[in-house]
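Numbered according to the working numbering, the sequence shown spans residues 14 to 323. The C-beta atom is built at its ideal place from N, Cα and C for all residues, glycine as well. Owing to the predicted nature of the structure, the values given are computational and were not obtained by experimental measurement. This report refers to the structure that appears directly beneath it.
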Amino acid sequence: MTQIDPNRWGIIYVPKVGAQNSQKRWLQIREYLDFRGVKYDHVQSDKVESVERLTRMLIDYGYRTIVIAGGDESLNYAINGIMNTPQEQREQLRLGIIPNGIGNDFARYFGLSYDKYKQAIQTIIEGNVRKIDIGICKYKEQQNDRLMYFLMAVNIGLSAKIIQLSDMCRKFGGVKNPAYALSLLSLLKERTLYKMRFTLNSEEINSKVMTVCIGNSRGYGLTPSAVPYNGYLDVTVVNQTKVLQTIQGLHMLLRGQFMNFENMSTYRTRQVELTQAEFATICIDGRKITPTLPMEISLEPNILNVIIPS
């Protein structure tokens, strides 16, 4: 096999779902890469599920800088590909991000946005690396042991349903406002309480709640104080709310002021064991899963090299 130049990027381009001309976006990115003299090879993944396999393929070929031009879901598949490689390979890797999805929450945490792809490329060229924590979920699915990694959050209950609804609206509508409007209607119409039981910091919580978010990062706004390099998970538990409280909570969420919402509890921990979540939807970085509980949620601290703005 030909030795890959260690400075050569391996780019996975994931077209934005619902975009009318996804290739135009890639041509803009490619034009700027060529203008800056970047050495790279790229593959396109028309199905986000292929990103994990393509990531492992690029690593096996010898690329040390893996760049994901995609959204949060693409990044989740990519880190699962990276984390399932041998440690000696993983330690040499750097993950770069060019926001290109219907959701780019993790990229926004580091000041990267969909509209500024040139800034994202400049960030990767500069090569400022920060080691970050990676969340890890251990559970069974159809009697098989599963290990799934996450960058942002595990959402359980209503927040998981809202994430799915918003993503679906954006995929088929291509704009944000209808997604948020339908999310609001869903919140007002269905304020379901889910029977949940979980343990954190030696404390067992056993009650009916609307939603739980376990965040390594902002968790779609539900864990806004979470930091993906402090070795801790932030946990937000939203209790039963009335209609007006629900409107207030959604308004605060969209304005980034959710920590001021009264009807919730917050925790900081290294591990959560979820033993009951009756009828509740569960999403990991927006990906719906159907686990057999119990599920252990913890962290791998300082494990992944991510290129971030300096």
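Legend entry - Rounded C-alpha distance that separates Val316 from Asn243: The amino acid at residue 316 is misidentified as Val; the sequence shows Ile. Roughly 12 Å separates the two Cα atoms.
Inset, instruction - Check each candidate in Asp18, Arg231, Arg49, Ile115 and name the one with the smallest Cα separation from Ile79. - result: Asp18
Inset, instruction - Please report the residue range of the alpha helix (DSSP H) in which Ser35 lies. - result: 35–48
Inset, instruction - Could you spell out where the beta strand (DSSP E) holding Arg300 opens and where it closes? - result: 300–302
Legend entry - Beta-carbon proximity check, Val319 vs Thr279, cutoff 9 Å: no
Legend entry - Beta-carbon proximity list for Ile42, same chain, < 6 Å, skipping 5 on both sides: Tyr130
Inset, instruction - Measure the CB-CB distance between Gly94 and Leu67 and report whether it falls below 9 Å. - result: yes
Legend entry - Local conformation of Gln284 per DSSP, three classes: coil
Inset, instruction - Quickly, what does DSSP pair Phe163 with across the bridge? List them, please. - result: Gly148
Inset, instruction - Use the C-beta contact count for Leu160: other C-beta atoms within 10 angstroms, 16 or more gives buried, fewer gives exposed. - result: exposed
Inset, instruction - Give the straight-line distance between the Cα atoms of Asn141 and Phe292, rounded to the nearest whole angstrom. - result: 43 Å
Legend entry - Residue range of the beta strand (DSSP E) that includes Tyr130: Element bounds for Tyr130: not the beta strand (DSSP E) but the alpha helix (DSSP H), 130–139.
Inset, instruction - Determine the extent of the beta strand (DSSP E) in which Gln57 is found, giving its start and end residues. - result: 53–57
Legend entry - Same chain only: Cβ atoms within 6 Å of Gln284, ignoring 5 sequence neighbours per side: Ser311
Inset, instruction - Going by DSSP, name the residue or residues bridged to Ala82. - result: Tyr26, Ile111
Inset, instruction - Specify the secondary structure class of Asn315 as computed by DSSP and reduced to three states. - result: strand
Legend entry - Cβ neighbours of Ile176 in the same chain (closer than 7 Å, five flanking residues each side left out): Asn168, Tyr233, Cys296, Gly299
Inset, instruction - Name the residue from Thr224, Tyr245, Tyr127, Phe123 whose alpha carbon lies nearest to the alpha carbon of Pro112. - result: Tyr127
Inset, instruction - Tell me, to the nearest whole angstrom, how far the beta carbon of Gly114 is from that of Gly83; I am working on the premise that it is less than 8 Å. - result: 5 Å
Legend entry - Best match in Gln156, Ile137, Met308 for proximity to Leu7 [C-alpha to C-alpha]: As shown, the chain starts at 14 and ends at 323. That puts residue 7 outside it, with no answer to give.
Legend entry - Distance CB(Tyr122)-CB(Arg21) smaller than 9 Å: no
Legend entry - Per DSSP, the bridge partner or partners of Asp247: Gly228, Arg281
Inset, instruction - Report the rounded CA-to-CA distance for Gln155 versus Asn97, giving the unit in angstroms. - result: 21 Å
Legend entry - Neighbourhood of Pro28 by C-beta distance below 6 Å, restricted to the same chain and skipping five residues each side: Ser35
Legend entry - Lys174 to Asp85 span [Cα, whole Å]: 16 Å
Inset, instruction - Would you identify the three-state DSSP class for Lys60, choosing helix, strand or coil? - result: coil
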